[in-house]
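Shown next, in structure tokens, is the structure this report addresses.
As structure tokens, this is what we get:
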């Protein structure tokens, strides 16, 4: 029971309170707004996609979640220069994240290259 | 200080660019620019982070001892980005159009691994600090669990699509095992986040958690086969999105948060859309309803000796030449054989002789939705010749010859007629309505779903065995000779 109350307290603090790892006092409630609005946006954006574009779109979305590389850069930048485990792991994370971003966008671009000519050809 | 504001504005611009980019990607005309917009957003977010991100250094008591420190280790960061850029660019440029699905899966796995590693590096800072709240720890561990599951799952999906792992391996009681693994991982995550595990043994348990998540990722994708593969990739894609969003929560980083959540929700909807296209529920995909049913159906099929007719390229050339309407049904076999150019040549010859030629595109033909469109677009097949399932199905009855090229499950009448079939209920292309159906396959082997196809034994069907590219090349030369 105590754990439940503690959890609810944490949860409320989390939603209405300060951000997790703060520089300034920023309400998490803003984050919650962003999460909910982003979910709705994501749904809206995808809903009316023709089947033809499913693969490029999946690939494009795949590139966008490569934004996780930003987190890897932050981890890497904060790592103690003597902590080799963190440095090596962080380096690996930056490489993997960058491959995700660059590879993702280039592959999507190649896929979409093939659609580009079609409408022009019809004229 | 001013740098902080510029950083936040840069993240805002990046987020707006992702959203517009994604939106533009849902229309063929603007898709290419949309991708560039999203890429520009990503570039802004990365450059802004490296140059402008600052943090406060705290001592063990939690007091700030230095404010506004810029990120260090820039050489390492720069080197990592340089290597990643070269690797990613080379991989993306070298890959064959037919291998796109596994490449997407591979990139997805790398993003997942990146998210998991971030959690692994960050957790010691928080786990050993008694002031860390339950939710901050939960955020970190959830990033590790989801990221590593996505990584392991994507690697298995990659190996399967790449043909290194052809069989759908089903360990005994895999559903029980998988469910057990999820429960164990979730339970352990909650125990760790709740601080119920002593600080001295936290590290070991986090690595056990990592192991559990990796094992779950492997076991989750291993038994999944058939047309379900695209759904799995899309699902893992949204997993990685969520893992990135958890990272955004941890750092209060808006670019990561919006990007991650956007992909998480868009990926989930895309997954549902794909499931609907196949008339399958997501839970049926995950819990592997393809399993036992498929094996049973195939066994029944093998029991009866059924006969089929065979045809040759020269016979088919004559048949096609005197048809008035031909519909081509491309499938994965066409992609494997790299026959997209020769099929376009066939189409051009037939069109020049007054035959109406169309392509019937099933939503899940190939290994990903839209796979066939991408492939045929590569060989300059005109966009409006590719007709989607709903629009082409009524046309089969007015068509003389249907040429099925390496497609199997998407034309299997069992989906309509046999309630015991594992693919029952999946919408299919009604090729059996046509006057003649010619099916090109390499052999009589079953398709990816592992079930027999009654279509091959129908009176109006005939088989044309061989590699799609070779057979079509013969067909083209026979046609030219006519």
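Residue numbers (the numbering used here), protein chains in the order written: chain A, 1 to 123; chain B, 1001 to 1482. Every residue, glycine too, gets a C-beta built ideally from N, C-alpha and C.
Between which two residues does the alpha helix (DSSP H) containing residue i stretch?
| i | result |
| --- | --- |
| residue 1094(B) | 1074-1094 |
| residue 1138(B) | 1134-1161 |
| residue 1477(B) | 1468-1481 |
| residue 1462(B) | Premise fails: residue 1462(B) lies in the beta strand (DSSP E), 1461-1465, not in any alpha helix (DSSP H). |
| residue 1373(B) | 1371-1378 |
| residue 1242(B) | 1229-1251 |
| residue 1444(B) | Taken as a continuous stretch (DSSP letters only), residue 1444(B) belongs to no alpha helix (DSSP H), as it is neither H nor E. |
So residue i contacts chain A; which residues on that side make the cut at Cβ distance below 8 Å?
| i | result |
| --- | --- |
| residue 1042(B) | 63, 64, 66, 67, 101, 105 |
| residue 1120(B) | 89 |
| residue 1152(B) | Residues of chain A passing the Cβ test: none, with the nearest at roughly 14 Å. |
| residue 1005(B) | Here the premise fails: no neighbours, minimum Cβ distance about 11 Å. |
| residue 1049(B) | 70, 73, 74 |
| residue 1037(B) | Correct list: empty, because the minimum Cβ distance to chain A is about 10 Å. |
In chain order, what residues of the same chain lie with their CB nearer than 6 Å to the CB of residue i, ignoring the 5 residues before and after it?
| i | result |
| --- | --- |
| residue 1392(B) | 1360 |
| residue 1103(B) | 1095 |
| residue 1248(B) | 1256, 1257, 1260 |
| residue 1301(B) | Unreliable placement is indicated for residue 1301(B), whose pLDDT of 41 sits below 50; the coordinate value is still reported in the next sentence. Closer than 6 Å at Cβ, skipping near neighbours: 1452. |
| residue 1335(B) | 1098, 1366, 1375 |
| residue 1043(B) | none |
| residue 1385(B) | 1358, 1359 |
| residue 1158(B) | 1102, 1105, 1106 |
| residue 1047(B) | none |
For the beta strand (DSSP E) that contains residue i, what are its first and last residues?
| i | result |
| --- | --- |
| residue 1441(B) | 1436-1441 |
| residue 1418(B) | Segment: none, residue 1418(B) is in no beta strand (DSSP E) and carries neither H nor E. |
| residue 1070(B) | 1064-1070 |
| residue 1323(B) | Element bounds for residue 1323(B): n/a, residue is neither H nor E. |
| residue 1387(B) | 1386-1388 |
| residue 1056(B) | 1054-1058 |
| residue 1404(B) | 1401-1405 |
| residue 1358(B) | 1356-1361 |
Which residues in the same chain have their Cβ closer than 8 Å to the Cβ of residue i, if we skip the five residues on either side of it in sequence?
| i | result |
| --- | --- |
| residue 961(B) | This structure cannot settle anything about residue 961(B), because the visible part of chain B is limited to 1001 through 1482. |
| residue 1337(B) | 1406, 1467, 1468, 1469, 1470 |
| residue 22(A) | For residue 22(A), the pLDDT reaches just 46, beneath the cut-off of 50, and the residue's location in the model is therefore unreliable, leaving the point undetermined. |
| residue 1460(B) | 1432, 1434, 1435, 1436, 1437 |
| residue 134(A) | Shown here, chain A extends from 1 to 123; a query on residue 134(A) therefore has no answer. |
When burial is assigned at 16 or more other CB atoms within 10 Å of the CB, is residue i buried or exposed?
| i | result |
| --- | --- |
| residue 1297(B) | Confidence at residue 1297(B) is low in this model, with a pLDDT of 38, below 50, so the placement of that residue is unreliable and no value is reported for it. |
| residue 987(B) | Residue 987(B) is absent from the structure shown; chain B starts at 1001 and stops at 1482. |
| residue 1358(B) | buried |
| residue 1210(B) | buried |
| residue 1189(B) | buried |
| residue 1207(B) | exposed |
| residue 1443(B) | exposed |
| residue 1482(B) | exposed |
| residue 1154(B) | buried |
| residue 1173(B) | exposed |
| residue 1421(B) | buried |
| residue 1016(B) | exposed |
| residue 1362(B) | buried |
| residue 95(A) | buried |
| residue 1280(B) | buried |
| residue 1353(B) | exposed |
Strictly below 8 Å CB to CB, what residues from chain B border residue i?
| i | result |
| --- | --- |
| residue 35(A) | 1245, 1257, 1261 |
Which residues in chain B have a C-beta closer than 7 Å to the C-beta of residue i? List them in chain order.
| i | result |
| --- | --- |
| residue 82(A) | In chain order: nothing, as chain B lies at least about 11 Å away. |
| residue 75(A) | 1118, 1121, 1122 |
| residue 111(A) | 1100, 1374 |
| residue 39(A) | 1261, 1265 |
| residue 49(A) | 1026 |
So residue i contacts chain A; which residues on that side make the cut at Cβ distance below 7 Å?
| i | result |
| --- | --- |
| residue 1114(B) | 68, 69, 72, 93, 96, 97, 100 |
| residue 1023(B) | 45 |
| residue 1108(B) | 62 |
| residue 1344(B) | Residues of chain A passing the Cβ test: none, with the nearest at roughly 12 Å. |
Residues of chain A with a CB under 9 Å from the CB of residue i: which are they?
| i | result |
| --- | --- |
| residue 1209(B) | In chain order: nothing, as chain A lies at least about 16 Å away. |
Determine the chain B residues that contact residue i at a beta-carbon separation under 9 Å, and present them in chain order.
| i | result |
| --- | --- |
| residue 43(A) | 1265, 1266, 1268, 1269 |
| residue 1(A) | Under the 9 Å cutoff, chain B gives no residues; its nearest Cβ is about 14 Å from residue 1(A). |
| residue 32(A) | Neighbours of residue 32(A) on chain B: none; closest Cβ ~10 Å, over 9 Å. |
Within a Cβ cutoff of 7 Å, which residues of the same chain sit near residue i, ignoring the five residues on either side of it in sequence?
| i | result |
| --- | --- |
| residue 1284(B) | none |
| residue 1205(B) | 1188, 1192, 1197 |
| residue 1195(B) | none |
message: Any contact between the region 1123-1130 of chain B and the region 1009-1020 of chain B? By contact I mean 3 or more CB pairs, one from each, below 8 Å.
response: no
- prompt: Below 8 Å, can you find three or more Cβ-Cβ pairs linking the region 1260-1269 of chain B to the region 61-69 of chain A?
  reply: yes
query: Does the region 1129-1142 of chain B come close enough to the region 1227-1235 of chain B that 3 or more CB-CB pairs lie under 8 Å?
result: No, they do not touch.
message: Quick test of the definition: if touching needs 3 or more C-beta pairs under 8 Å, does the region 1233-1248 of chain B touch the region 1134-1147 of chain B?
response: yes
task: Take every Cβ of the region 1018-1037 of chain B, pair it with every Cβ of the region 1080-1098 of chain B, and state whether three or more of those distances are shorter than 8 Å.
output: no
- prompt: Can you find at least 3 beta carbon pairs, one from the region 1058-1076 of chain B and one from the region 80-94 of chain A, that sit closer than 8 Å?
  reply: yes
- prompt: With contact counted as at least three CB pairs below 8 Å, one residue from each stretch, are the region 1218-1225 of chain B and the region 42-52 of chain A in contact?
  reply: no
field: Meets three-Cβ-pair contact criterion under 8 Å: the region 1043-1058 of chain B and the region 1022-1030 of chain B
entry: no
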